[in-house]
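All the letters of the sequence shown, read from the start, carry residue numbers 323 to 415 under the working numbering. Positions of the beta carbon are idealized from the N, C-alpha and C atoms, including for glycine.
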Amino acid sequence: MIKKSRKGFMRENLVVGILRETKKFEHRAPLVPSDVEWLVDRGVKVEVESSTGRVFSDRDYKKNGALITDRIKEASLLVGIKEPRVHDLHSKK
323 MIKKSRKGFM
333 RENLVVGILR
343 ETKKFEHRAP
353 LVPSDVEWLV
363 DRGVKVEVES
373 STGRVFSDRD
383 YKKNGALITD
393 RIKEASLLVG
403 IKEPRVHDLH
413 SKK
């Protein structure tokens, strides 16, 4: 189902999850806080796994509308930089 949000059209109930990186020395982020704001403004819920190693702080993401969590509970799409460990994906169900 398509619904109209404040600034356009977006799928209803879409949730994007930003994974915590598990590789040593990986500090990049798949989405910057302004990307999160853009998604949230269009009706997308964004969950971010808390991380002290990411180039952007949890606070930066929260200020732009993301929900900060220890584990992503619901997501239509998971995004990250490096491949996640298989057991981490299974534990997110």
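Under the three-state DSSP convention, the category E348 falls into: In this structure, E348 counts as coil in the three-state DSSP scheme.
Where V377 falls, given that 16 or more other Cβ within 10 Å makes a residue buried: By the 10 Å Cβ count, V377 comes out exposed.
CB E371 to CB R342, shorter than 9 Å? Result yes, Cβ atoms of E371 and R342 sit closer than 9 Å.
Close Cβ partners of E348 (< 8 Å) along its chain, the five nearest in sequence each way excluded: Same-chain partners within the cutoff: G375, I403 and K404.
Using alpha carbons as the reference points, say which of K346, A388 and K384 lies closest to P406. It is K346 whose Cα lies nearest to the Cα of P406.
Endpoints, alpha helix (DSSP H) assigned at E369: E369: not part of any alpha helix (DSSP H); member of the beta strand (DSSP E) spanning K367 to E371, first to last residue.
Exposed or buried, what is S398 when buried is set at 16 or more other beta-carbons lying within 10 Å of its beta-carbon? Burial is judged here by how many other beta carbons sit within 10 angstroms of a residue's own beta carbon; S398 has fewer than 16 and is exposed.
Residue ranges of each beta strand (DSSP E) run of no fewer than 3 residues wholly in the segment 366 to 409, ordered along the chain? Scanning the segment 366 to 409 for uninterrupted beta strand (DSSP E) segments of 3 residues or longer gives 367 to 371, 389 to 391 and 399 to 401, listed from N- to C-terminal end.
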